[in-house]
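Asks: Handing you a structure now.
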Amino acid sequence: MSHHAVRRLILVGLMLALSALITVINPVFLSSGNLLKLLQEAAQTGIVAVGFTFVMITAGIDMSIGGVVAVTSMVCINFLHYTKVPIPVLVFLSLFVGALTGLVNGFFITKYKLPEFIVTLATRSILAGLALVIAVKDSLGFVQNVYIQNDSYLWFGTSGLFGIYRTTVAFLILGVGAQIFLKHTRTGTNIYATGANPTAARLTGIDTDRTTIGVYMFSGICASLAAVFISSRMMTAMPELGLGSEMDVIASVVIGGTAFSGGVGDVWGTMLGSLFLALIKNGILKTGISPWIQPIAIGGIIVVTVIVDVWQKKLREHLEARAKLKRLSAERGRDAA
Amino acid sequence: MKKTAIVAALLCVLLVVPAVAQTYKVAYIPQSIGQPNTNAWLEGMMRVFRKYPNVKVQSFDAQLKAELQVSYMDDVINQKYDAIVLQAMDAAALSASVKAAEAKGIPVITVNLATIQKHTASVQMADISAGYAVGKEMGKQLGGKGNVVIIQSPPGAILGVNREKGFRQAMAELYPNIKIVGAQSAEGWKKEIAITIMNGFLQANKELAGVFAVNDNMAEGAMIAAEAAGRLDQIKIWGANGQKSTLALIEQGKIAGTAYNNSFAQGSLIAEMVMENLQKKLGPSKAAETKVIQIPPFAATKETVGQIAAEDRW
Numbered sequence: 054m055s056h057h058a059v060r061r062l063i064l065v066g067l068m069l070a071l072s073a074l075i076t077v078i079n080p081v082f083l084s085s086g087n088l089l090k091l092l093q094e095a096a097q098t099g100i101v102a103v104g105f106t107f108v109m110i111t112a113g114i115d116m117s118i119g120g121v122v123a124v125t126s127m128v129c130i131n132f133l134h135y136t137k138v139p140i141p142v143l144v145f146l147s148l149f150v151g152a153l154t155g156l157v158n159g160f161f162i163t164k165y166k167l168p169e170f171i172v173t174l175a176t177r178s179i180l181a182g183l184a185l186v187i188a189v190k191d192s193l194g195f196v197q198n199v200y201i202q203n204d205s206y207l208w209f210g211t212s213g214l215f216g217i218y219r220t221t222v223a224f225l226i227l228g229v230g231a232q233i234f235l236k237h238t239r240t241g242t243n244i245y246a247t248g249a250n251p252t253a254a255r256l257t258g259i260d261t262d263r264t265t266i267g268v269y270m271f272s273g274i275c276a277s278l279a280a281v282f283i284s285s286r287m288m289t290a291m292p293e294l295g296l297g298s299e300m301d302v303i304a305s306v307v308i309g310g311t312a313f314s315g316g317v318g319d320v321w322g323t324m325l326g327s328l329f330l331a332l333i334k335n336g337i338l339k340t341g342i343s344p345w346i347q348p349i350a351i352g353g354i355i356v357v358t359v360i361v362d363v364w365q366k367k368l369r370e371h372l373e374a375r376a377k378l379k380r381l382s383a384e385r386g387r388d389a390a
Numbered sequence: 627m628k629k630t631a632i633v634a635a636l637l638c639v640l641l642v643v644p645a646v647a648q649t650y651k652v653a654y655i656p657q658s659i660g661q662p663n664t665n666a667w668l669e670g671m672m673r674v675f676r677k678y679p680n681v682k683v684q685s686f687d688a689q690l691k692a693e694l695q696v697s698y699m700d701d702v703i704n705q706k707y708d709a710i711v712l713q714a715m716d717a718a719a720l721s722a723s724v725k726a727a728e729a730k731g732i733p734v735i736t737v738n739l740a741t742i743q744k745h746t747a748s749v750q751m752a753d754i755s756a757g758y759a760v761g762k763e764m765g766k767q768l769g770g771k772g773n774v775v776i777i778q779s780p781p782g783a784i785l786g787v788n789r790e791k792g793f794r795q796a797m798a799e800l801y802p803n804i805k806i807v808g809a810q811s812a813e814g815w816k817k818e819i820a821i822t823i824m825n826g827f828l829q830a831n832k833e834l835a836g837v838f839a840v841n842d843n844m845a846e847g848a849m850i851a852a853e854a855a856g857r858l859d860q861i862k863i864w865g866a867n868g869q870k871s872t873l874a875l876i877e878q879g880k881i882a883g884t885a886y887n888n889s890f891a892q893g894s895l896i897a898e899m900v901m902e903n904l905q906k907k908l909g910p911s912k913a914a915e916t917k918v919i920q921i922p923p924f925a926a927t928k929e930t931v932g933q934i935a936a937e938d939r940w
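Protein chains in written order, with my numbering: chain A, 54 to 390; chain B, 627 to 940.
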């Protein structure tokens, strides 16, 4: 069994154990209402995290996701407030905002070889300011948070069959599609190769620049999609919506097994990571522990996960080296004989 | 026979009393925990709730994020809390959650900002009036002329927006010779950000006569900057809320005034409304509109701050 499979099993086991413990303390945890909300919370972070996973597999990082959510939600609010543009067109325009941001990020990272962290952090700052600039204002110039009453738009934030939220359904469809793309297409292979060893990837003919731009565009699109669902659920949006959510997204991806070093990870892990994070947050509320513990718990989990990853990698390398040495000794022994 | 009667009576008490003394869970969801204002509301509420050992209050820190408040509202609804006290980040964003709570039989009382969705009650500091009172008093102190600036709330924070509206209205109506020469918002209502903003105002305006910071934290930041620049005696600095540290600075003459609100009393009033609702099992209000109780502000200056008793300073 691969170490990814083992890790995934441990994560699932941990989730089941935690769920059992939380249910003992507060049986409301297992109520259908709570579980459906938990899944919705996981999906909101998870949609962004799916896109972020692609970036991290290429050994990149995208700190602009919060800014994309903020500016996309403001774009939606403006269109809903001032126009009667059909909702499918509005959603397309929203995704275009994310794609454009990703294109800009990818361009500066590949063309000028700038560090991903700096470029995307700068983009985040620009987008945060842009969100304030384009926010709907009242006659005195004060930011006015618009109350969304368009039923077609609100559809995204509501529940459907069996009470399952549409955000959750979108997350599942996106996750499955993204995983299939990663594992069963040439572009998916290129993404892994770019992250594992960009020089070698280029030498084998992979256009690593195009791959990099592509993953940042996908990350932007996912963030924009999340903005639609979040603003629909809240029936409004604020210029600061999504800013500060980067930690949760990174935590989901790291817990799921995608490494900052690139070349490893997948969407299944991210989906489990998003679910695990939502479970921790929900569980903390159910057990009556102070919500201030949440960021401490999330930070602690990230640190532990990274330590376990590093330890596992060292152990694997050590065992592989020992096995190789044993093989060489056996071959030498046979030759001598 | 007598012994049997006594034992029977004791048994009845032991069986009946627990059934009668139902435990109530009250959720307190302010914009953030740890601010003087939100702490004062909680203390005011606890002054009432402490009389009822069967009432348990759980606070939730939304860290100034509406989406977190929405999550917490979902959670307390699922956990079937008996009442919710909510200081909404945004009137629209929390409307769906308030509607869901009241639909599940959980009365919601909002603090300072009523959601668009109607609910049981809202206990508010009259923000526009507070800003107007500040403008009126500051104008008097400035003799009706001079340049003033505003340190604003984070964009979209209705509380701060309303105070500023009231202030601007007072200036426009009462003091046409007072010019508002600058306005900038301080992220997170933070004192350290206000210091930076005030430094900018001081450098840009050699003749600055007044500053209205829409909350006391920011007013104290403005005061620190003005004092460091050696210009505190030339500038009338006003805040709003009336927290204890600001009242002390007013007594020292370092801050010109604040729009004081007795947040302890506001919290106690909310708690009394919650208890009345729970004890009488009223549930969410069936009235067509939200019952709004507005607490008028008190302009506390060096001359009037002594009227605020020690037990009312939070």
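Positions of the beta carbon are idealized from the N, C-alpha and C atoms, including for glycine.
In three-state DSSP terms, what is Y135 (chain A)?
Replies: Y135 (chain A) falls in the helix class under three-state DSSP.
Asks: What residues in the stretch 184-200 of chain A bring their beta carbon closer than 8 Å to a beta carbon of chain B?
Replies: Here the close residues are L185, A188, L193, F195, V196, Q197, N198, V199, Y200.
Asks: What separation, rounded to the nearest whole angstrom, lies between the Cα atoms of R857 (chain B) and A874 (chain B)?
Replies: Distance between the alpha carbons of R857 (chain B) and A874 (chain B): 20 Å.
Asks: Using a Cβ-Cβ cut-off of 7 Å (strictly less than) and excluding sequence neighbours within five positions of M899 (chain B), which residues of its own chain qualify?
Replies: Excluding sequence neighbours, M899 (chain B) sits near I735, A747.
Asks: Show which residues of chain B have a CB atom less than 8 Å away from the CB atom of L294 (chain A).
Replies: Result: A692, E693.
Asks: Please classify T930 (chain B): does DSSP put it in a helix, a strand, or coil?
Replies: T930 (chain B) falls in the coil class under three-state DSSP.
Asks: Starting from the N-terminal side, write out each stretch of the alpha helix (DSSP H) that is 4 residues or longer and does not extend beyond the stretch 721-801 of chain B.
Replies: Fully enclosed alpha helix (DSSP H) runs of 4 or longer: 721-729, 753-767, 784-800.
Asks: Distance, Cα to Cα, V196 (chain A) vs P781 (chain B)?
Replies: Whole-angstrom Cα-Cα distance: 6 Å.
Asks: From F827 (chain B) to G757 (chain B), what does the alpha carbon distance come to, in whole angstroms?
Replies: Between F827 (chain B) and G757 (chain B), the C-alpha separation is close to 20 Å.
Asks: 8 Å is my cut-off, CB to CB: does L800 (chain B) come that close to chain A?
Replies: So no, L800 (chain B) is outside the interface.
Asks: Under the rule that 16 or more other beta-carbon atoms within 10 Å means buried, what is E370 (chain A), buried or exposed?
Replies: E370 (chain A) comes out exposed.
Asks: Decide if R60 (chain A) is buried, meaning its Cβ has at least 16 other Cβ atoms within 10 Å, or exposed.
Replies: Buried.
Asks: Taking just the CA atoms, how far does Q892 (chain B) sit from G670 (chain B)?
Replies: Between G670 (chain B) and Q892 (chain B), the C-alpha separation is close to 7 Å.
Asks: Is there at least one Cβ from chain C nearer than 8 Å to W208 (chain A)'s Cβ?
Replies: Going by chain labels, chain C is absent from the structure shown, which instead holds the protein chains A and B.
Asks: Alpha carbon to alpha carbon, how far is D115 (chain A) from V128 (chain A)?
Replies: D115 (chain A) and V128 (chain A): Cα-Cα distance of roughly 21 Å.
Asks: Please report whether the beta-carbon of T221 (chain A) lies at a distance below 8 Å from any beta-carbon of chain B.
Replies: No, because no Cβ of chain B sits closer than 8 Å to the Cβ of T221 (chain A).
Asks: Buried or exposed: where does E373 (chain A) fall if 16 or more other Cβ atoms within 10 Å of its Cβ makes it buried?
Replies: Per the 10 Å Cβ criterion, exposed.
Asks: According to a CB-to-CB cut-off of less than 7 Å, which residues of the stretch 109-121 of chain A neighbour chain B?
Replies: Answer set for the stretch 109-121 of chain A: empty.
Asks: Look at the alpha carbon of A246 (chain A) and the alpha carbon of G194 (chain A), and state the distance between them as a whole number of angstroms.
Replies: Each residue's alpha carbon lies about 50 Å from the other.
Asks: Measure the alpha-carbon distance for A926 (chain B) versus S779 (chain B) and round it to whole angstroms.
Replies: Roughly 21 Å separates the two Cα atoms.
Asks: Would you give the residue range spanned by the beta strand (DSSP E) that T884 (chain B) belongs to?
Replies: It spans 883-886 - the beta strand (DSSP E) in which T884 (chain B) sits, taken as one unbroken run.
Asks: Ordered along the chain, which non-local residues of its own chain (more than five positions away) have a Cβ less than 6 Å from that of A290 (chain A)?
Replies: These residues qualify, in order along the chain: S126, I130, S284.
Asks: By Cβ distance, which residues of its chain are closer than 8 Å to H56 (chain A), with the 5 residues on each side in sequence left out?
Replies: Counting only Cβ-Cβ distances below 8 Å, and skipping sequence neighbours, we find Q365, R369.
Asks: Cβ closer than 7 Å: which chain B residues qualify as neighbours of N87 (chain A)?
Replies: Ordered by position in chain B, the residues that pass the 7 Å Cβ test against N87 (chain A) are N704.
Asks: Between R375 (chain A) and chain B, is the shortest Cβ-Cβ distance under 8 Å, so that the two count as touching?
Replies: Cβ-Cβ to chain B under 8 Å: no for R375 (chain A).
Asks: Span of the alpha helix (DSSP H) holding V357 (chain A)?
Replies: Start and end: 346-389.
Asks: Could you tell me the boundaries of the alpha helix (DSSP H) in which Y944 (chain B) lies?
Replies: The structure shown does not extend to residue 944 (chain B), since chain B is modelled only from 627 to 940, so the question has no answer here.
Asks: Please return the same chain residues whose Cβ sits closer than 6 Å to the Cβ of L89 (chain A), not counting the five positions on each side in sequence.
Replies: Once the five neighbours on either side are set aside, the close Cβ partners of L89 (chain A) are G216.
Asks: Hey, T242 (chain A) and V103 (chain A): beta-carbon distance below 8 Å or not?
Replies: Not closer than 8 Å, so no.
Asks: Would you identify the three-state DSSP class for P644 (chain B), choosing helix, strand or coil?
Replies: Confidence at P644 (chain B) is low in this model, with a pLDDT of 48, below 50, so the placement of that residue should be treated as unreliable; the coordinate-derived value is given next. DSSP places P644 (chain B) in helix when its eight states are reduced to three.
Asks: List the endpoints of the continuous beta strand (DSSP E) containing S685 (chain B).
Replies: Note, S685 (chain B): beta strand (DSSP E), 681-685.
Asks: Helix, strand or coil for Y269 (chain A)? Go by DSSP, reduced to three states.
Replies: In this structure, Y269 (chain A) counts as helix in the three-state DSSP scheme.
Asks: A645 (chain B) CB to nearest chain A CB: under 8 Å?
Replies: Unreliable positioning characterises A645 (chain B) in this predicted model, as indicated by a pLDDT of 47, which lies under 50. A coordinate reading is not provided.
Asks: Are the C-beta of G770 (chain B) and some C-beta of chain A separated by less than 8 Å?
Replies: Taking Cβ atoms only, chain A never reaches closer than 8 Å to G770 (chain B), which makes this a no.
Asks: List the residues of chain B whose Cβ lies closer than 8 Å to the Cβ of G341 (chain A), in chain order.
Replies: In chain order: Q684.
Asks: With DSSP collapsed to three states, give me the class of L908 (chain B).
Replies: Coil at L908 (chain B), not helix or strand.
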